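Chemist:
Numbering (my numbering), first residue to last: 145 to 259.
1) Please name the residue, chosen from 236, 257, 156 and 150, that lies closest to residue 202 on a Cα-to-Cα basis.
2) Less than 8 Å separating the beta-carbons of residue 248 and residue 209?
3) Could you tell me if residue 206 is buried or exposed, where buried requires 16 or more neighbouring beta carbons within 10 angstroms of its beta carbon?
4) Pick out whichever of 241, 218 and 147 has its Cα sitting closest to the Cα of residue 176.
5) State the beta-bridge partners of residue 207 as determined by DSSP.
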């Protein structure tokens with residue numbers, strides 16, 4: 145009941161978005177660290193592919209890679225504007241995903257209660 149495709153995909157999305165928020169926070173914290181390479185977290189394409197192929201979304205894990213953005217004078221390639229926009233986008237997606245999970249579990253709770 146809790147391992148259906150939509151629930152599993154939503155749980156993987158929450159995990160991936162949380163990992164992205166952590167990477168964004170680290171990127172911003174290290175904006176002035178000489179030689180620091182910004183980290184990017186990706187999972188959406190793998191999640192989309194797993195669902196499309198009928199595979200379990202639970203096999204999808206967030207992948208972290210170094211950003212290929214150009215470096216600044218100190219060797220860091222953190223772009224504060226990009227990180228800020230990514231933070232806002234990720235926060236909104238995270239909230240939407242949690243709301244979808246909450247709605248799904250509320251419907252299950254109501255069905256169990258017989259409401």
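Beta carbons: idealized from backbone N, C-alpha and C, even for Gly. Here the structure is a predicted model, which is why all the values come from computation and not from measurement.
Modeler: In brief:
1) Here residue 202 corresponds to residue number 58 of the chain shown, with the count starting at 1. Among 236, 257, 156 and 150, the Cα nearest to that of residue 202 is on 156.
2) Here residue 248 refers to the residue found at position 104 when the chain shown is read from its first residue. Here residue 209 refers to the residue found at position 65 when the chain shown is read from its first residue. Cβ atoms of residue 248 and residue 209: not closer than 8 Å.
3) Residue mapping note: residue 206 aligns to position 62 of the chain shown, counting from 1. So residue 206 counts as buried.
4) One-based indexing of the chain shown puts residue 176 at position 32. That would be 218, whose Cα lies nearest to the Cα of residue 176.
5) Locating residue 207 in the chain shown gives position 63, counting from the first residue. Paired residues: 186.
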